[in-house]
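Q: For the sequence shown, our numbering begins at 9 and goes up steadily by one. I'd like to ask you about the structure that follows.
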Amino acid sequence: MKIAVLVIDVQQGLCEGPDAAFDCSGTIARINQVTRKARAAGAPVIFIQHASQAGYLELGSAAWQLADGLEVEDSDIKVGKTTPDSFLNTELASTLVNLQIEKLVVCGMHTEFCVDTTTRRALALGYPVILVSDAHTSAGNAAISAVQVIAHHNATLTNISSFGPRVEALASGALQFAP
Numbered sequence: 009m010k011i012a013v014l015v016i017d018v019q020q021g022l023c024e025g026p027d028a029a030f031d032c033s034g035t036i037a038r039i040n041q042v043t044r045k046a047r048a049a050g051a052p053v054i055f056i057q058h059a060s061q062a063g064y065l066e067l068g069s070a071a072w073q074l075a076d077g078l079e080v081e082d083s084d085i086k087v088g089k090t091t092p093d094s095f096l097n098t099e100l101a102s103t104l105v106n107l108q109i110e111k112l113v114v115c116g117m118h119t120e121f122c123v124d125t126t127t128r129r130a131l132a133l134g135y136p137v138i139l140v141s142d143a144h145t146s147a148g149n150a151a152i153s154a155v156q157v158i159a160h161h162n163a164t165l166t167n168i169s170s171f172g173p174r175v176e177a178l179a180s181g182a183l184q185f186a187p
């Protein structure tokens, strides 16, 4: 089964300031571990970047850039988006079809927004998903902490069965790619 890695919204603006996501440096290190394994096995790595028209994460701004420490290769693919759904009004779906991708590995930021929405959309489009359980993160919210958001989504997304394809949560160290 041909697999691709989606790295969602790991952008500098989400990693700094008072609203920075939880454990950005650790999350980035684990994402780098996953993308190194993927590249070694010949699996494509796709970086998705959220862009707004103005203000926070404005296209081309310092906050919009991929986060410091994130390992990006020239062979990696970049996809821009403007909503929490990485498929909506983007070239992601056609890219996956052209690459004959059959399964996705998902990691990134923010768990309860773009990681969740993209994972559910991937399931609806027929893609089984491996959610890298220790390589997605959140800033939390007024109701629950970032750690609780992450744990909640690891449990919730893996329990969705109505789409047909399923989500499997695997830690970065346990994830293997077949060459």
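We put the CB at the ideal spot given by N, CA and C, even for glycine. Model, not experiment: these values are computed from the prediction.
1) Compare the Cα-Cα distances from A37 to each of F121, A177, L165 and D142 and report the closest residue.
2) Based on the DSSP output, what are the partners of K86 in its beta bridges?
3) If you measure between the beta carbons of V42 and V114, is that distance less than 8 Å?
4) What number of angstroms, rounded off, separates the C-alpha of D31 from the C-alpha of I54?
5) What ranges does the alpha helix (DSSP H) occupy inside the segment 99-182, keeping only unbroken runs of at least 4 residues that lie completely in it?
6) Taking the alpha-carbon positions, what's the Q184 to L14 distance?
7) Indicate whether A177 and N162 have their beta-carbon atoms separated by less than 8 Å.
8) Counting only runs of 4+ residues fully inside the segment 31-75, write out the alpha helix (DSSP H) ranges in chain order.
A: Judging by the given coordinates:
1) D142
2) F55
3) no
4) 22 Å
5) 100-106, 124-132 and 154-166
6) 15 Å
7) yes
8) 32-48
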